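Worksheet for the structure shown next.
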Ligand SMILES: [Zn+2]
């Protein structure tokens, strides 16, 4: 059973689903005001792998991730560029999905847009005021955080220390510096929606509580996001649900941030790296592999050497897929019952090692190390001519890598049985020192559009 670190309790706990056999996962998605950066790539990959692993484990996963398509940043950029705010949001959202497709991130099962839920948000705000936990001022409606039981649970801080840490200027009317806007009253030139407090727009923290409860229902299983969202965003989402008397997320998962040159990556630090640039410059699978080599809660250092190292590991995966792909077609029928049993035992062993690592707080570094080790061993077995042993290991490793979203290069990159037979014949000719025959076979291989290279690990076929 999967265990995850729950930010609310500060410990690793078993994840038992609310509804047997299915998991509801809500992940805070992008505010679409510009192209996604490398940090966005990390969090989407982390939750993509969490979802894939839950599905691999047999759960039906309802994966909801929102798009914040109205926000100060969108409005500010639209004003600065003299464009419509909807234009900015649509353009940035297209850039977002293009990057997600390039990374092989599964599309969430639902993608609610904030602008489609404004009426529900206005209702929620009115209900909070009706319960006397929110109050109206001249510029909006605020939640009175000191009225909420357990405020500070996720931040692991008391109300007093949170108040003391808050240096943001607040208006006279705001009762406490930590109170936050549920509804922002209309300002000139801004998009507005109607509400019982007059025209305006919802605050960011109100979006996610409305959309997660609307789509996943009370007491949904997992709420995730980057570590930078714990406070105030997630604390404030939770506070609204608690103030309404509704059960919110049962568990909270947070991923660590991306470091560039030893510093937390952010726009203000100037080390902002666009995801599209990285995905063009390297194999997108290498970024996924790099992300999975760090534990999801640790900081991730993205640099040229770490990316190159991940890309090198992928060439070994691709090589194994090429070599084993050709074997698979003619090997199964030749197996003795005993060999078939051994093959099954090997696969079971790899699978259970994988599950053990992943169940322990999504231990992708250990799971990957095991799988890449199996890839290495399978390549060695192939070199030594143990086709059956290699195939079992290769199948187990490739199947489990695919469960993490790492697929070898596609079919036309895999040599078929004819090519493998030619490569085998050429190898035999070389061993018999019949170099003229070996050269003739090489020419045939080249005529089929492939190259054969003799390396320390034996001959390799590639396009
Ligand atoms: Zn959110």
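In the working numbering, the protein residues as written are 1 to 463. Ideal Cβ positions, reconstructed from N, Cα and C, are used throughout, including at glycine. Here the structure is a predicted model, which means the values were calculated and not measured.
Rounded to whole angstroms, how far is the Cβ of residue i from the Cβ of residue j, which I believe are closer than 8 Å?
{"i": "residue 182", "j": "residue 227", "result": "Rounded, the Cβ-Cβ distance is 24 Å, inconsistent with contact."}
{"i": "residue 17", "j": "residue 59", "result": "7 Å"}
{"i": "residue 212", "j": "residue 64", "result": "7 Å"}
{"i": "residue 233", "j": "residue 28", "result": "7 Å"}
{"i": "residue 390", "j": "residue 324", "result": "6 Å"}
{"i": "residue 260", "j": "residue 209", "result": "Contact flag wrong, Cβ pair sits at about 32 Å."}
{"i": "residue 252", "j": "residue 68", "result": "Going by Cβ atoms, the distance from residue 252 to residue 68 rounds to 19 Å, so no, they are not a contact pair."}
{"i": "residue 312", "j": "residue 289", "result": "Their Cβ separation, rounded to whole angstroms, is 10 Å, which puts residue 312 and residue 289 out of contact at 8 Å."}
{"i": "residue 316", "j": "residue 379", "result": "7 Å"}
{"i": "residue 98", "j": "residue 41", "result": "About 12 Å; that fails the 8 Å criterion."}
{"i": "residue 106", "j": "residue 163", "result": "The pair is not a contact, with the Cβ atoms about 41 Å apart (cut-off 8 Å)."}
Which same chain residues, not among the five before or five after residue i, have their C-beta less than 8 Å away from its C-beta?
{"i": "residue 377", "result": "393"}
{"i": "residue 443", "result": "none"}
{"i": "residue 119", "result": "193"}
{"i": "residue 56", "result": "403"}
{"i": "residue 3", "result": "12, 13, 14, 15, 359, 360, 361"}
{"i": "residue 203", "result": "140, 180, 181, 182, 183, 184"}
Quick one, are the C-beta atoms of residue i and residue j less than 7 Å apart?
{"i": "residue 217", "j": "residue 250", "result": "no"}
{"i": "residue 49", "j": "residue 404", "result": "yes"}
{"i": "residue 201", "j": "residue 184", "result": "yes"}
{"i": "residue 152", "j": "residue 159", "result": "yes"}
{"i": "residue 214", "j": "residue 199", "result": "no"}
{"i": "residue 85", "j": "residue 92", "result": "no"}
{"i": "residue 339", "j": "residue 396", "result": "no"}
{"i": "residue 177", "j": "residue 95", "result": "no"}
{"i": "residue 286", "j": "residue 310", "result": "yes"}
{"i": "residue 126", "j": "residue 196", "result": "yes"}
{"i": "residue 273", "j": "residue 38", "result": "yes"}
{"i": "residue 147", "j": "residue 129", "result": "no"}
{"i": "residue 441", "j": "residue 422", "result": "yes"}
{"i": "residue 353", "j": "residue 370", "result": "yes"}
{"i": "residue 102", "j": "residue 337", "result": "no"}
{"i": "residue 117", "j": "residue 74", "result": "no"}
{"i": "residue 70", "j": "residue 191", "result": "yes"}
Output the distance between the C-alpha atoms of residue i and residue j, rounded to the nearest integer angstrom.
{"i": "residue 375", "j": "residue 320", "result": "7 Å"}
{"i": "residue 155", "j": "residue 231", "result": "6 Å"}
{"i": "residue 438", "j": "residue 463", "result": "19 Å"}
{"i": "residue 114", "j": "residue 83", "result": "20 Å"}
{"i": "residue 434", "j": "residue 450", "result": "21 Å"}
{"i": "residue 347", "j": "residue 384", "result": "20 Å"}
{"i": "residue 145", "j": "residue 138", "result": "19 Å"}
{"i": "residue 246", "j": "residue 89", "result": "31 Å"}
{"i": "residue 10", "j": "residue 157", "result": "12 Å"}
{"i": "residue 436", "j": "residue 448", "result": "19 Å"}
{"i": "residue 136", "j": "residue 278", "result": "46 Å"}
{"i": "residue 280", "j": "residue 407", "result": "18 Å"}
{"i": "residue 282", "j": "residue 161", "result": "45 Å"}
Could you pull out every residue in the same chain whose Cβ sits closer than 6 Å to the Cβ of residue i, ignoring the five residues on either side in sequence?
{"i": "residue 296", "result": "46, 255, 362"}
{"i": "residue 62", "result": "24, 109"}
{"i": "residue 43", "result": "226, 255"}
{"i": "residue 364", "result": "292"}
{"i": "residue 206", "result": "121, 182"}
{"i": "residue 453", "result": "460"}
{"i": "residue 409", "result": "318"}
{"i": "residue 372", "result": "313"}
{"i": "residue 104", "result": "405"}
Between residue i and the rest of its own chain, which residues show a CB-CB distance below 7 Å, the 5 nearest in sequence each way excluded?
{"i": "residue 299", "result": "256, 257, 259"}
{"i": "residue 367", "result": "354, 357, 358"}
Against chain C, does residue i count as a neighbour if the rule is that its beta carbon must be under 7 Å from one of theirs?
{"i": "residue 17", "result": "Protein chain content of the structure displayed is limited to a single chain, and chain C is not contained in it."}
Runs of beta strand (DSSP E) wholly within the segment 228-288 (minimum 3 residues, chain order):
Taking 3 residues as the shortest admissible run, the segment 228-288 contains the following complete beta strand (DSSP E) segments, listed from N- to C-terminal end: 251-255, 258-260.
May I have a chain-ordered list of the alpha helix (DSSP H) segments no shorter than 4 residues that lie completely inside the segment 52-99?
Correct list: 72-81.
Could you name each continuous alpha helix (DSSP H) segment of 4 residues or more that falls completely within the segment 375-404, going from the start of the chain to the end?
DSSP runs (the alpha helix (DSSP H)) wholly in the segment 375-404: 387-403.
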